[in-house]
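A.B. asks: For the sequence shown, full-length UniProt numbering gives the first residue as 1, with consecutive numbering after it.
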Amino acid sequence: MSEGLPSVGAHCSLSSCNLNDFLPIRCQCQQLFCRDHIAPDVHHCPLQQATQCTDAPSFKLQRCAAQGCNKPSLESFIANSTDTTNRSPAVCSGCSQAYCAQHREPSSHACTPPPDSAQSVPEKNAAAKALLAKHFGSTSSGDTGGARTSTTKILNPKKEAQQRQIAAMKMRHKAQPGDPKDTAASVPVDQRLHLKVSRTGVAGSERIFWFRKTVVTGRVLDMLATHFKMTISDTQPLKLLLVDGEAAGTALRTDQLLGDQVPDGSSLTLSR
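1) Whole angstroms is fine: what's the gap from F209's alpha carbon to S233's?
2) Helix, strand or coil: how does DSSP classify R148 here?
3) Which residue marks the beginning of the beta strand (DSSP E) containing H194, and which one marks its end?
4) Using a threshold of 7 Å, state whether the C-beta atoms of A168 and D264 are closer than that.
5) What would DSSP say about D143, mapped onto helix, strand or coil?
6) Determine which residues share a DSSP beta bridge with K239 and list them.
7) Taking the straight line between their C-alpha atoms, what separation do you get for Q48 and K71?
8) Could you tell me the distance, in whole angstroms, from the CA atom of S16 to the CA atom of Q261?
9) What three-state label does DSSP hand L11 in the structure shown?
10) What number of angstroms, rounded off, separates the C-alpha of L19 from the C-alpha of Q102?
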């Protein structure tokens with residue numbers, strides 16, 4: 001963990017990952033993992049291996065509540081889901097249903113919260129927001145990726161780097177692979193760049209992606225154009241601009257690696 005960062009969350013117990021996660025999940029083997037490695041078969045859970053080596057019937061994990069999804073829910077990995085002492089249940093804050101890591105965000109499962117819960121969500125998040133504001137300053141309440149807005153003036157480079165690291169951690173839970181050929185299992189977390197991308201002048205167009213650090217920026221631009229359904233031609237060129245930092249407004253060079261031009265947790269915009 002970087003010097004000066006508060007002690008929040010925990011490191012993933014998988015030695016090849018060891019990522020500091022704000023929302024770690026405890027497996028039935030009592031170890032904490034990030035969402036990419038919570039599945040027993042991914043971190044080679046000793047309890048699962050012991051179960052497979054016995055003749056006793058294996059337990060059936062609770063399925064994700066999303067329609068058509070057969071993955072286990074995050075809550076099903078808790079040894080005793082009825083014991084909520086010193087932990088928050090891994091359920092949706094809106095509809096209170098249990099989902100897998102892919103569908104746990106309300107926007108991923110068409111969440112319909114009960115009428116009396118509309119005012120409860122801000123209250124649940126108040127403590128976390130207060131902690132972040134205390135250590136890193138306030139951020140825009142409408143910023144789903146956690147990156148600071150372009151109007152926030154950061155005078156301390158160290159503080160700016162800390163804020164970008166926090167933004168990257170938040171983005172990691174929502175980011176989708178920008179390259180359809182990539183999967184979470186095929187690319188280690190430390191080899192990814194998590195970015196918030198929007199279209200210039202189009203409100204509400206923000207989307208969060210991750211790309212390999214070694215991909216060429218020109219290829220990233222082509223893939224983003226596909227995601228945003230935009231065309232690229234000699235008469236309609238497309239540019240990828242950096243939104244935050246000292247180089248805000250600078251167009252990225254398409255002949256250079258993406259990882260050489262932007263840090264993890266950056267915000268970019270597509271512009272004509």
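Glycine residues also receive a C-beta, built at the ideal position from the N, C-alpha and C atoms.
C.D. replies: The answer reads as follows:
1) 24 Å
2) Residue placement at R148 is poorly supported in this model, since its pLDDT is 42, which falls under 50; the coordinates still yield a value, given next. In this structure, R148 counts as coil in the three-state DSSP scheme.
3) 192 to 199
4) yes
5) With a pLDDT of 46 at D143, under the threshold of 50, the predicted position of this residue should be treated as unreliable, though the coordinate-derived value follows. In this structure, D143 counts as coil in the three-state DSSP scheme.
6) S271
7) 16 Å
8) 26 Å
9) The question names Leu, yet the displayed sequence has His at residue 11. Looking at H11 - three-state DSSP - the assignment turns out to be strand.
10) 18 Å
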